[in-house]
Each structure stands twice: as structure tokens, then as C-alpha cells.
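Line by line, the protein sequences are chains A and B. Position 115 of the first sequence, counted from 1, bears residue number 115 in this note's numbering, the numbering being contiguous throughout. One gets this note's numbering by counting positions in the second sequence from 1 and adding 1000 to each. Glycine included, every Cβ here is placed at the ideal spot set by N, Cα and C.
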Amino acid sequence: MKQLLLGTLILAGTVVHAQLSVPALYDEWRRVTFDGVVTRVEWVNPRAYLFVDVRDPGGAVVNWAIEIGNPLDLEQRGWSRRTVRTGDGVSVEAVPARDTPKRARLLALWTTRPRAQVFAGNAATARPTPAAAGPTPRWPDGQIRLGPPGGRKGYWGAASVSTMKESGSPVSVRADGLLTNVSDADRVAPLQPWAKAVYLHRQRTLLKDDPSARCLPPGGPRQFQTAHGFQFVEQRDQGRILVLFGGGNRNWRIIYTDGRPLGQAAEAVPSYFGSSVGRWEKDTLVVESVGYNERFWMTNGGLPHTEALRLVERFSRLDLNTLRYDVTVDDPRTYTRAWRSAWTVQWVPDRDIEEFFCEENAESTFIR
Amino acid sequence: MRTRALLAAAFLLLTISITAQEGHPLTGTWAGDWGPPGGSRTHITMVMNWDGKAVSGLINPGPDAIPLTGVSVDWGTWTVRIEAKGISAEGRLEDIGSYHRRIVGTWSQGGTKGDLRLTRE
Chain A
1 MKQLLLGTLI LAGTVVHAQL SVPALYDEWR RVTFDGVVTR VEWVNPRAYL
51 FVDVRDPGGA VVNWAIEIGN PLDLEQRGWS RRTVRTGDGV SVEAVPARDT
101 PKRARLLALW TTRPRAQVFA GNAATARPTP AAAGPTPRWP DGQIRLGPPG
151 GRKGYWGAAS VSTMKESGSP VSVRADGLLT NVSDADRVAP LQPWAKAVYL
201 HRQRTLLKDD PSARCLPPGG PRQFQTAHGF QFVEQRDQGR ILVLFGGGNR
251 NWRIIYTDGR PLGQAAEAVP SYFGSSVGRW EKDTLVVESV GYNERFWMTN
301 GGLPHTEALR LVERFSRLDL NTLRYDVTVD DPRTYTRAWR SAWTVQWVPD
351 RDIEEFFCEE NAESTFIR
Chain B
1001 MRTRALLAAA FLLLTISITA QEGHPLTGTW AGDWGPPGGS RTHITMVMNW
1051 DGKAVSGLIN PGPDAIPLTG VSVDWGTWTV RIEAKGISAE GRLEDIGSYH
1101 RRIVGTWSQG GTKGDLRLTR E
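Right, dumping it as C-alpha cells:
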């Protein structure tokens, strides 16, 4: 039983320390190449792996764990769990992990018999082909539909940007949230001194403490930048709109449109998605929210907030395929003034959101 | 039964470890102790809250609570300075990204100076 308990504690430690952001986990400036034989394919969310036996110069065989990306993205790129099979000979080019031996992230992969490249580039989110253009769909009373046109399917997919900064700021931020130059921190948002110190700490530690990397929900504006999209379910007769997320852990949120008051942040039970009420202003849904907890980063770059956070979100469907999301961040405990950010999101027609659970493998299965 | 309790505690530890408080680094309840080198140690519970302009709080909440009169942080060095009636403390914030971040430094009270160790609960 002592061994079981010890194993449990080791597992706990493993999960905590293994779930890091990609920049913190892998050293993007290094490369490894090797030939080997596939011993296992782990086709699970959020990160699929190939395990490859490699003979080292001394003749000993070591097993590498090669992260190949998210299965949903891989399938959109034509992969399946049988593209590479146990027993296949492969050549690998990969980015090694910073601290974990024999672990890497795939850059390119060739099968050796026959010689063919079956993977190239990173496994970033695949963007579906844009849908055919069309007018903004509306309900019979003329109000804009945020979901599919009548009788159709679809959901909102990739955002035009994967990180967040104040609108109009010329600062350069990488897709993973890291600043090109950390001295630009003041230009990302009007941070109070403590918030700037926390933000810089997160940047300098390569986002290693990102709660989303540990599968906690993507609260605040980040919910509209997840890799696997979202959809609106408009329950007009019940005066509410459900927002169902394909990213995170299939989280959902309610926006009440029945005219109830917003309430006060201090009265709300703090949560990842807050308490939201919405109203239509002509063709724009305006949503005000309070009651956020402090357990998430509202952007992948690590912008902080407090429980005083209040968001005003404006959703405008410009045409069939384009949703404009405009958010005002008001948190006087974190920022010196309210500030805005905006992006667009692309419609994915005639498809359903696919099943994605960030927690599925928790990255513990390959630890050897 | 004891084993189940231990296993439950282990899982609880995991849960606590992965749900951090990501707002102001000082906000929350801190617990620890202070004492002179080689001397007895005195338990401390400290509650701090950031209101957007200042950190306020209490030492040992309850009937004998001592209000904090001043809390400041040098954000360049993560050095925290805490003042209360008859008490002066200074320490460095460590393990900032963790829920269980720490303040490690010195504590002066009633003419006695000792080392300070606080961990966010």
C-alpha cells in the first residue's frame, strides 16, 4: 500500500510538473534528428505522441516520446491514428524538451520503407477552408442569428489572432503569447506596476505557469481564442444564450438576455466565465460580465486580473462567415484605465464541434 | 480506512497544487512563523488584500488581531515590507507562480529580531 501511495504522490507531482506551456516545455532553438522504430502511437487529447525506439551510439536502445500535436488538428491535415503504425521505421527531426530527457516535439517525419515524408512543419491549428460568402443570417423578426442559418450546421472556429493586446498598439506578440521584445510590456495594456511585474515574470519564465496548459478553463476573453472554436445556442424563448466551447474542457457559459440586472461582482460566486447579461443594440449583442475568479490568465501571454474584473463584450456578425468580437477590459485593481481589444472569428460551415478534452491524457502516460 | 484517507489527501494535494491564485501576488491568507536564531518560534497568520491602491490586512485575525499599517513591494526585486504597531518585517517573495508562494525574510517585534517564513495558504 505504501507503494500505491508513493505512486499516487509521484503521479500527482508528474501531472503538475509535466503540464507546461509549449515554450516552457521545448527548446525551440535546438534540434534533434534520429532514425528508429515506432513502438506505440498515443492518439489522445490534448497532445498525441509517437514513441520511437532509437539505438544510441553505444548500442543501447532508448525510447523517445515525440509529441506530434493535437489529434483533431492532425486529422484535419490528413493524418489518422494509422498513418504511422507500431513497427514502422521512421526518421525524425524534432525540437527537444528543455528538461525531460528523450522527449521532443515533431518537426518532420519520414517513413523509411518506403521513404516518404508524412509530416512537415509544426502541428499548429489547421484552419478550415473559408465558407462561401453569404449575408448575415437573421431570425424571422430580423434579429441577427449568432448560430447557424436555419436548417444548417456550423460553429465559430479560428480567431484572427491567438493572443490579446490593446487595440491599436504596435507591439509585436508571438502567436504563443510571448513578446518579441519584453521591454514592450507597457504597450500591451495599461498595467499597474504590480501587474507589469507579474506579466514580465510570466513572460521571462516562458509562460510555464499558464493555468490553461494545466487544462484549467480559458476564462475571460481567452475563451474566444481557443484552438477548437465555440458555438452559440440562442434559446430566445428562455431569454438566454448558451456559449459552448470546443476548447478547454468542453466548458459552457450562459448569457442571460431576459432583462435581469447584472448584479455586483462582490455578490457573485467567482467563476471562470463570470456572470453575464446581454442586450441587443441594433445588430450588436452587448454583454456585461462580472464575478470572475483569479484562477486563469485571460490571455495566453499572461495578462493578470483580479476579482474586480468587469468585461463589456460586443458581438457583431458582419456576414455569414465573420464574427467581430470587441471587448473592453475594466479592472481598476490591475490596469490604470479601461482598455479595448478586438478580433474576428471565422465561421466553420456544415460541421459540428469535435470532441476535445484537454484533460484526456494529462501527459502522465508516457512518463517512464 | 487510514490508507484511503492518505490517498484522498494525496489527491487533494494535487488539486490544490494546480489551482493557483493568479491575481495580485499578496492577496490571500498567509501562514508561517518567526523567531530569533536558536529561539522559540511564534506562529503567524496574516491576511492581505489589494484594493487597487494599497494592500491592507491583519496579523492573526480574531480578537487580538493587529492591523497592518503599511505594506509595500519593490517590484524590481520582489521585496515586501510590512509594518504594523510594534512590528516591522521585510522579505522576498519566492516561487511567485505558485499558489503556495512564500515570503522569506526578517521580522522585528518588541526589540527582538528573527527570521520570517510565510507561505500562502
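Item, Value
"Hey, does P211(A) have any beta-carbon neighbour from chain B nearer than 8 Å?", "yes"
"By DSSP's criteria, H1043(B) is part of a beta bridge. Which residues make up the other side?", "D1033(B)"
"Using the beta-carbon of each residue, which ones in chain B are nearer than 7 Å to T328(A)?", "Within chain B, no residue comes near T328(A); the closest Cβ sits about 17 Å away, beyond 7 Å."
"Within 10 angstroms of the Cβ of E67(A), are there 16 or more other Cβ atoms? Answer buried if so, exposed if not.", "buried"
"For the candidate residues V1104(B), S1072(B), D1115(B), W1030(B), whose alpha-carbon lies nearest to that of P1037(B)?", "D1115(B)"
"Measuring alpha carbon to alpha carbon, tell me which of A104(A), T226(A), L244(A), G248(A) ends up nearest F232(A).", "L244(A)"
"What beta strand (DSSP E) runs, 3 residues minimum, are completely inside the region 220-286 of chain A?", "230-235, 240-245, 252-256, 275-281"
"For N1049(B), write down the residues that DSSP places opposite it in a beta bridge.", "S1056(B)"
"Which word fits Q238(A), buried or exposed, when buried means at least 16 other C-beta atoms lie within 10 angstroms of its C-beta?", "exposed"
"Assuming L242(A) and W252(A) form a contact by the criterion Cβ under 8 Å, report the distance between their Cβ atoms to the nearest whole angstrom.", "6 Å"
"Taking only the alpha-carbon atoms, compute the straight-line gap between T344(A) and K1113(B) and give it to the nearest angstrom.", "58 Å"
"Hey, V286(A) and R279(A) are a contact pair by Cβ (cut 8 Å); roughly how many whole angstroms apart?", "6 Å"
"Show which residues of chain A have a CB atom less than 9 Å away from the CB atom of G1052(B).", "Q192, T306, A308, D331, P332, R333, T334"
"Residues of chain A with CB closer than 7 Å to the CB of I1096(B), please, in chain order.", "H201"
"Using beta carbons (cut-off 8 Å, strictly below), is R337(A) in contact with chain B?", "no"
"Quick check: W43(A) and R98(A), are their CB atoms within less than 8 Å of each other?", "no"
"Using a threshold of 8 Å, state whether the C-beta atoms of S271(A) and I255(A) are closer than that.", "no"
"Compare the C-beta of E1022(B) with all C-beta atoms of chain A and state if any pair is closer than 8 Å.", "yes"
"For chain B, is any of its Cβ atoms less than 8 Å away from the one on E294(A)?", "yes"
"Using the C-alpha atoms, what's the distance from Y155(A) back to V348(A)?", "5 Å"
"State yes or no: is the C-beta of V118(A) within less than 8 Å of the C-beta of T112(A)?", "no"
"Given a threshold of 16 other Cβ atoms within 10 Å of its Cβ, counted over all protein chains shown, does G1110(B) qualify as buried or as exposed?", "exposed"
"Examine the Cβ distances between the region 1075-1086 of chain B and the region 192-199 of chain A and report whether three or more of them are shorter than 8 Å.", "yes"
"If you follow the alpha helix (DSSP H) that P71(A) is in, where does it begin and where does it stop?", "71-76"
"What residues in its chain sit with their C-beta under 8 Å from that of T226(A), if we drop five residues either side in the sequence?", "P218, F245, G246, G247, G248"
"Classify L318(A) as helix, strand or coil using the three-state DSSP reduction.", "strand"
"Are the C-beta of W1107(B) and some C-beta of chain A separated by less than 8 Å?", "no"
"Going straight from the alpha carbon of G1097(B) to that of C215(A), what length do you get?", "16 Å"
"Let me see if you follow: with CB-CB separation under 8 Å, is T299(A) close to chain B or not?", "no"
"Check whether the Cβ of W1075(B) lies closer than 8 Å to any Cβ atom in chain A.", "yes"
"Tell me, please, which residues DSSP counts as bridged to K102(A).", "Looking at the DSSP assignment, K102(A) forms no beta bridge with any residue, so it has no partner."
"Say whether chain B places a C-beta atom closer than 8 Å to the C-beta of V198(A).", "yes"
"Our contact map puts T1042(B) next to D1033(B) with C-beta atoms below 8 Å; I'd like the distance itself, whole angstroms only.", "6 Å"
"Measure the C-alpha to C-alpha separation of A342(A) and T163(A) and round it to an integer number of angstroms.", "10 Å"
"For N1060(B), which residues from the same chain have a beta carbon less than 6 Å from its beta carbon, with the 5 sequence-adjacent residues on both sides left out?", "T1045"
"Counting only beta-carbon separations shorter than 8 Å, does E359(A) have a partner in chain B?", "no"
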